[in-house]
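Please read the structure below before turning to the comments.
Residue numbers (my numbering), protein chains in the order written: chain A, 1 to 525; chain B, 1001 to 1104.
If you want it as structure tokens, here you go:
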């Protein structure tokens, strides 16, 4: 019989820690309330400015919090949530990602028939879920964050439901998302059954304190957690949904899916693997290495087979997930707390660095796609707007846009002097530090293979003449939106930001590298 | 002879079976509504496992988890039904096989 306390002791809440989430959720609810009470439909700039301000505010608050207690983890809510360098750095990234997504979406909302306040509220709600995931120190809190992120994203895609492709995309994402959540949750149940708790540091301490023989219940639990999160980050063989969902979703949402949703999934994966079940790393390391192999290979090979640029970027995002897995798998072979402080830190810090850099490249690339998609309206609404052949001659019509896209694609390919190169270098260095020579070699080979896919797009843009005819069918200006050279100003700003981050971090990576190292130091128990 | 004693293992087995039936159904059945029901079946299998473990440990933690899962499952069904309705309104009698325009 359970010992039931007759006095309910409520956990102490450290409200300062929760400010970023409160800002995000509060703005989402406030926006919905105002939109439903307003006598007329809110102009779309109200929603956009609110979203950008909220994202920026969350990022700034997180940065301030990092200055205040970044190096010492600050748990709250009975240890269910922890604010440390790792969660705060990712919160800054999530805030920036939300602001950029709102910028890109501003000019695309009309085109997709998406209602601005609903779009903004869902975006902010999903960001709140992502922030919760980044700092969750309990498997149930992690699950709640994952679901807030995912459920908001299902609706975010379905908002563009006038298009059959968006409906299909939302339905596929929903079915596979729910499927993977169930796997994740079953993993939580088995880990609970094996360790008697769901608190990540509690599980870590429990496993550290007890010498035990092989515990199949725990191993099955870890495997199911890996399957569940593997679906979320689109690791092969759990990637089947990704290309379809990315292609069917509106391009700004796709950028958000590929960057922030994926970063949150990896943050959760890193915390589960390195805080909770690090003592079992001999068991999970081979699985993560195998996932990394498969993800790298399939992502790169399938990317070159694509004739649709959006689908190509979807497969390329799968191959980027492979690189992050290479980083996460870089645990020194003989594991233990000693190695973790010495060599294991590289594993997570290189992955975090990769995630940040990749998020900006993905947001920028899909922002470019969103702009191009508006120009290359296909005659029938659901036909592929991003066929490679339609990109012909883009450099002549839009030289600056083509140049920005080229920089982002080359950065994704890992060309030196771009952030992509530093990021790939760091994860491969971490893999070599953990004697994963074969994995490092495969990562380099697949980087070269996928470079071919990016170069195909670049060549198509700079080809002398594309199959598209004349410039006359391109709408020069649409009413009500400030434009720059015919391009929506908000998107131009977002793309410039992404390109700036990519180039600056590529030339001067030191600051961001130090940040990611500091961030990771604080999740060591 | 007190008959068969029902231990925690039985409940865990039942939970695992529910999870598997739900998972298989999700992959095999093509009707969107039935797929939604299969997701619920999977989650309820998990709930049963949580309760069984909580009972074995004599711990309320597992019971509270189930409440969280129920709420999340309800939210998921709301969104899922909305999506199913949107799909079926556009093309009545659609099955999962009809959602195959995106491929490559």
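For each residue, glycine too, the CB sits at the ideal point set by N, CA and C.
This one's a predicted model, so the numbers in the text were calculated from it and none came from an experiment.
- Against chain A, the beta carbon of residue 1046 (chain B) has neighbours under 7 Å at 182, 185, 186 and 189, listed in chain order.
- At a cut-off of 8 Å between beta-carbon atoms, residue 132 (chain A) makes no contact with chain B.
- Between the alpha carbons of residue 1099 (chain B) and residue 1025 (chain B) lies a distance of about 18 Å.
- For residue 278 (chain A), no beta strand (DSSP E) encloses it, and the DSSP letter there is neither H nor E.
- If you check the CB distance, residue 404 (chain A) and residue 499 (chain A) come in under 8 Å.
- Taking C-beta atoms as the reference points, residue 190 (chain A) and residue 221 (chain A) count as a pair closer than 8 Å.
- Interface flag for residue 1080 (chain B) against chain A is set, since a Cβ pair is found closer than 8 Å.
- If you draw a straight line from the Cα of residue 26 (chain A) to the Cα of residue 133 (chain A), it comes to about 18 Å.
- DSSP places residue 81 (chain A) inside the beta strand (DSSP E), whose first and last residues are 81-83.
- Using a 10 angstroms sphere on the CB of residue 1069 (chain B), the tally of other CB atoms reaches 16 or more, which defines it as buried.
- Here the alpha carbons of residue 171 (chain A) and residue 1087 (chain B) stand approximately 8 Å from one another.
- Per the DSSP secondary-structure output, residue 308 (chain A) pairs in a beta bridge with A:387.
- The residue among A:154, A:304 and A:420 with its C-alpha nearest the C-alpha of residue 506 (chain A) is A:420.
- By the neighbour-count criterion, in which 16 or more other beta carbons inside 10 Å mark a residue as buried, residue 305 (chain A) falls on the exposed side.
- Restricted to the stretch 114-157 of chain A, the alpha helix (DSSP H) segments that are unbroken, complete and at least 4 residues in length are 116-135, listed in chain order.
- Between residue 51 (chain A) and the set A:40, A:101 and A:61, the nearest pair of CA atoms involves A:101.
- In the structure shown, residue 397 (chain A) falls within a helical segment according to DSSP collapsed to helix, strand and coil.
- Per DSSP, residue 418 (chain A) lies in no beta strand (DSSP E) segment and is marked neither H nor E.
- Not a single CB atom of chain B sits nearer than 8 Å to the CB of residue 232 (chain A).
- Not flagged as an interface residue toward chain A: residue 1037 (chain B), since no C-beta distance is shorter than 8 Å.
- In chain order, 310 and 311 place their CB closer than 6 Å to the CB of residue 247 (chain A), counting only its own chain and leaving out the 5 sequence neighbours on each side.
- C-alpha of residue 201 (chain A) to C-alpha of residue 43 (chain A): approximately 46 Å in a straight line.
- Beta-bridge pairing by DSSP links residue 74 (chain A) to A:83.
- Taken through DSSP and simplified to helix, strand or coil, residue 199 (chain A) comes out as strand.
- Here residue 233 (chain A) has 262, 265, 266 and 321 as same chain residues with Cβ atoms under 6 Å from its own Cβ, once five neighbours each way along the sequence are excluded.
- Note that the stretch 173-193 of chain A touches the stretch 126-146 of chain A; at least 3 beta-carbon pairs, one per stretch, sit closer than 8 Å.
- Within the stretch 1040-1100 of chain B, the complete alpha helix (DSSP H) segments of 4 residues or longer fall at 1061-1090, listed in chain order.
- Chain order gives the chain B residues near residue 151 (chain A) as 1075, 1076 and 1079, where near means a beta carbon separation below 7 Å.
- Excluding its 5 nearest sequence neighbours in each direction, residue 362 (chain A) has C-beta neighbours in its own chain below 7 Å: 255, 258, 259 and 317, listed in chain order.
- Taking a C-beta distance under 8 Å as the contact criterion, residue 446 (chain A) and residue 297 (chain A) qualify as a contact pair.
- Identification of chain B residues near residue 167 (chain A) by a Cβ-Cβ cut-off of 7 Å yields 1086, 1087 and 1090, ordered along the chain.
- Contacts between residue 1025 (chain B) and chain A, judged by CB atoms closer than 9 Å, are missing: the closest CB pair is about 11 Å apart.
- Residue 102 (chain A) carries a helical assignment under DSSP once its states are collapsed to helix, strand and coil.
- The closest CA to that of residue 94 (chain A), considering only A:58, A:12 and A:85, is found on A:58.
- Neighbours of residue 1042 (chain B) in chain A, taken as residues at a C-beta separation under 7 Å, are given in chain order as 182.
- Taking a beta-carbon distance threshold of 8 Å, residue 140 (chain A) counts as an interface residue toward chain B.
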